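Participant:
In the working numbering, the protein residues as written are -1 to 203.
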């Protein structure tokens, strides 16, 4: 009986090369899968944060009221910025409250920030320079799509009514729709849309 033939050097090198290629492929697939998983989890978490942000904004819009200085509940009503007066801490006095999309970039999207300033002095006044600012949500990519849309008193009866034009927003707004397009990494995940709406109770007659 012939003795078993040993591997030649060339055959050994081929086996090692194939094994290395297979291991490299497995490693690359594992890294890619882990990266996609982390991206998906981050997107899910960002969406949850955005939903919680909208819940908070809706509560505070509903509670908008006349300011401690006697001013109207709505101060600024633009597509990406809303400034209202609302009692956010339960002290029966309205605080100055600003929501705004800040620093949008193609890579990271924008931040939705919330700023709060207490009234001070006699007579009372609001100084935005004293406001405390926090980030409510990240990865906001509304681009040309408005974050805030404003509607008159008929919106509750007609859900298909058109948003108010800019000149009449301050005086005629009774309902506000908020829409956030969330995407931390557009190259890897689909954009999630989060929508809610609020009625300003103190302006409904």
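Using N, Cα and C, we set each Cβ at its ideal position, and we do this for glycine too.
Nothing here was measured: the structure is a model prediction, and the numbers come from that model.
Would you list the residues sitting across from residue 226 in a DSSP beta bridge?
Facilitator: Nothing in the structure corresponds to residue 226, since the chain is present only between -1 and 203.
Participant: Between residue 38 and the rest of its own chain, which residues show a CB-CB distance below 7 Å, the 5 nearest in sequence each way excluded?
Facilitator: 187
Participant: Please work out which residues of its chain come closer than 7 Å, Cβ to Cβ, to residue 82, disregarding the five sequence neighbours upstream and downstream, and give them in chain order.
Facilitator: 59, 62, 71, 72, 73, 95
Participant: So, using beta-carbon positions, are residue 195 and residue 167 closer together than 9 Å?
Facilitator: In this structure, residue 167 does not lie closer than 9 Å to residue 195 by Cβ.
Participant: Can you check DSSP and say which residues form a bridge with residue 148?
Facilitator: Paired residues: 174.
Participant: Assuming residue 107 contacts residue 181 (C-beta within less than 8 Å), just tell me the rounded distance between them.
Facilitator: 6 Å
Participant: Taking Cβ positions, are residue 155 and residue 202 nearer each other than 9 Å?
Facilitator: no
Participant: Looking at the secondary structure, which residues open and close the beta strand (DSSP E) in which residue 96 lies?
Facilitator: 93 to 103
Participant: Closest to residue 91 by CA distance: which of 112, 100, 122 is it?
Facilitator: For residue 91, the nearest C-alpha among the options comes from 122.
Participant: When you compare only the Cα positions, how much space is there between residue 56 and residue 49?
Facilitator: 11 Å
Participant: Within a Cβ cutoff of 6 Å, which residues of the same chain sit near residue 197, ignoring the five residues on either side of it in sequence?
Facilitator: 173
Participant: Tell me whether the beta-carbon of residue 204 lies closer than 9 Å to the beta-carbon of residue 114.
Facilitator: A question about residue 204 goes unanswered here, because the residues of the chain that appear run from -1 up to 203.
Participant: Return the first residue and the last residue of the beta strand (DSSP E) that residue 83 is part of.
Facilitator: Looking at the DSSP string, the run of the beta strand (DSSP E) that includes residue 83 is 79 to 84.
Participant: Compare the Cα-Cα distances from residue 141 to each of 133, 177, 151, 163 and report the closest residue.
Facilitator: 177
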